[in-house]
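Colleague: Count along the sequence shown from 1, then add 584; that gives the number in the working numbering.
Yeah, the Cβ is synthetic: ideal placement off N, Cα and C, and Gly gets one too.
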Amino acid sequence: MASTYEKIATTTLGSATGTVTFSSITGSYTDLVLICNIAQAAGNNGLRVRYNSDSGSNYSYTTVNGNGTTASSGSGSSETQLVIANTTGSTTLELAIIANIFNYSNTTTYKTSLGRGNRASSNVDATVGLWRSTAAITSIELALGASFPTNNFAAGCTFTLYGILKAA
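1) Quick check on this structure: which residue in Asn651, Thr654, Tyr643 has the alpha carbon closest to the alpha carbon of glycine 660?
2) In the DSSP assignment, find the beta strand (DSSP E) that holds phenylalanine 732 and state where it starts and stops.
3) Between Pro733, Gly640, Leu728, which lies nearest to alanine 539 when the distance is taken from Cα to Cα?
4) My output table needs one value for aspartate 638: the three-state DSSP class, helix, strand or coil.
5) Just to check my reading of the structure: isoleucine 668 and serine 697 have Cβ atoms closer than 8 Å, yes? What is that Cβ distance to the nearest angstrom?
6) How big is the Cα-Cα spacing for serine 599 and leucine 631?
7) Would threonine 744 and isoleucine 619 qualify as a contact pair, given that the criterion is a beta-carbon distance under 9 Å?
8) Specify whether the region 633 to 641 and the region 703 to 721 touch according to this definition: at least 3 beta carbon pairs, one from each stretch, less than 8 Å apart.
9) Quick one: residues in its chain with C-beta nearer than 7 Å to the C-beta of asparagine 651, no 5 flanking neighbours on either side, listed in chain order?
10) Grouping DSSP H, G and I as helix and E and B as strand, with all else coil, what is isoleucine 622?
11) Candidates Gly747, Cys741, Tyr645: which alpha carbon is nearest valine 604's?
12) For the putative contact between isoleucine 681 and valine 617, defined by C-beta atoms under 8 Å, what is the C-beta separation to the nearest angstrom?
13) With DSSP collapsed to three states, give me the class of isoleucine 750.
14) Mark lysine 695 as exposed unless 16 or more other C-beta atoms lie within 10 angstroms of its C-beta, in which case mark it buried.
15) Rounded to the nearest angstrom, what separates asparagine 736 and leucine 726 at their Cα positions?
16) Figure out for me which residue from Ser689, Thr654, Phe732 has the closest Cα to the Cα of threonine 601.
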């Protein structure tokens, strides 16, 4: 039986850096899956994304967050970046993030995503995102912080992009 997921690329950082980019993404798949294991100092270190280097006000998101005691939510519209995971903390941030990017190569619809972030020591979140563009996604740029980029990813962070194969 053939595998459903096909690894497109993996990046492991040798030193701290502000952005990570996957480029030259082909339209060979139905959806994309991004898996990140990241670390950074305390603060607002939500994972942000831009598709195809688009820094226009074309992104919207809604996020929910829980810490075992309280829940919160937030949203943004006409943003210049998309929130994939919005987990924050007062100590060193270590996040496991999985994001599904649906119909990324379809040129007749806007692009939607579902991101899930997990900070084992304090909270989890889920974020639904929208990129208001019908362009196929050919590059994904990732950054940390309240704006793009504010903080560096630490050395050792890993990022893997998978494509979900089309049904035969």
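Modeller: This is what the structure gives:
1) The option with the nearest alpha carbon to glycine 660 is Tyr643.
2) In the DSSP assignment, phenylalanine 732 falls outside any beta strand (DSSP E) and carries neither an H nor an E.
3) Nothing in the structure corresponds to residue 539, since the chain is present only between 585 and 752.
4) In the three-state reduction of the DSSP assignment, aspartate 638 falls in the coil class.
5) Right, the Cβ-Cβ distance comes to about 7 Å (below 8 Å), so this counts as a contact.
6) Spanning the two alpha carbons is a distance of roughly 18 Å.
7) With a cutoff of 9 Å on beta-carbon distance, threonine 744 and isoleucine 619 are scored as near each other.
8) The region 633 to 641 and the region 703 to 721 touch, with no fewer than 3 CB-CB distances between them shorter than 8 Å.
9) Excluding sequence positions up to five before and after asparagine 651, its CB lies within less than 7 Å of the CB of Ser706, Asn707, all in the same chain and listed in chain order.
10) Reduced to three states, the DSSP call for isoleucine 622 is strand.
11) Distances from the CA of valine 604 to each of Gly747, Cys741, Tyr645 were compared; the closest alpha carbon is that of Cys741.
12) Under the criterion of beta carbons closer than 8 Å, isoleucine 681 and valine 617 do not qualify as touching, at roughly 11 Å.
13) The amino acid at residue 750 is misidentified as isoleucine; the sequence shows lysine. Here lysine 750 sits in coil by DSSP.
14) A residue is called buried when at least 16 other Cβ atoms come within 10 angstroms of its Cβ; lysine 695 meets this threshold and is buried.
15) Between asparagine 736 and leucine 726, the C-alpha separation is close to 11 Å.
16) That would be Phe732, whose Cα lies nearest to the Cα of threonine 601.
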